[in-house]
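Visitor: Take this structure, written in structure tokens, and hold onto it; I'll ask about it next.
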């Protein structure tokens, strides 16, 4: 269980996270939403243990996240940022990143690639399939292909907690839906935390936390927030209008 109590993180006097408290139960699928500058990424960085809060605490099964507990905590995490890093190596080595050759599980590499919906592309379109070189920073792949490869990498270590920070932003809606459906089906005991650029990605979340100005202003499932929260409805309407405009441009 992750419990956040009165968390504060400020930069040059600006509170990016301002007295935020929330609770995450094991095995839940959770969403973080809010306008730009709401504090979503800062909160994730604090949960990852990348920065220390100014005040407040993060408790993991009742134990504080600190210098002693951070290494063990980070070993349980799978994290995919919006722009993930790819090394100038093969598809396999990028999925099983940092794994010694003698310990590499090629069958599992293919399985996590399937879950991330990148296996068909690898096996049917790349000349050397999983041994194809991706180029420096994955230059030979599209943005969506790079993101799916990074998701496969995060899944390779079978993390207890999976954090996706706009990790599907370069995917089209149909592919994103397939990727998220596969991840949700395997969740089992995994806790999944999503920052999504499309609200529709969060429809299957157990709880969505709505942030603004570093504060938690509401929480609930997708249906509850659509029914009861004006800010959430406005965000959904703007997203729908944007999608209509983009479809008109394409047609």
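Residue numbers (our numbering): 45 to 295. Beta carbons are placed, not taken as given, at the ideal position from N, Cα and C, and that holds for glycine.
For residue 108, which three-state DSSP category applies?
Guide: strand
Visitor: Closer than 6 Å by C-beta to residue 258: which residues in its own chain qualify, once you throw out the five before and the five after it? Chain order, please.
Guide: 59, 60, 61, 62, 83
Visitor: Using a threshold of 9 Å, state whether the C-beta atoms of residue 189 and residue 212 are closer than that.
Guide: The answer is no: Cβ separation not under 9 Å.
Visitor: Between the alpha carbons of residue 270 and residue 253, how many angstroms are there, rounded?
Guide: Between residue 270 and residue 253, the C-alpha separation is close to 13 Å.
Visitor: Please look up how many angstroms separate the CB atoms of residue 127 and residue 141, rounded, as I've assumed it's under 8 Å.
Guide: Actually they are not in contact, since the Cβ atoms of residue 127 and residue 141 sit about 16 Å apart, beyond 8 Å.
Visitor: Buried or exposed for residue 120, going by 16 or more other Cβ atoms inside 10 Å?
Guide: exposed
Visitor: Rounded to whole angstroms, what is the Cα-Cα separation between residue 170 and residue 176?
Guide: 7 Å
Visitor: If you reduce the DSSP assignment to three classes, tell me which class residue 88 lands in.
Guide: Secondary structure of residue 88 (DSSP, three-state): helix.
Visitor: Would residue 80 be called buried (16 or more neighbouring beta carbons within 10 Å of its own) or exposed?
Guide: exposed
Visitor: I need the straight-line Cα distance from residue 57 to residue 91, nearest angstrom please.
Guide: 21 Å
Visitor: Return the CA-CA distance between residue 76 and residue 163, expressed in angstroms with no decimal places.
Guide: The straight-line gap from Cα to Cα measures roughly 29 Å.
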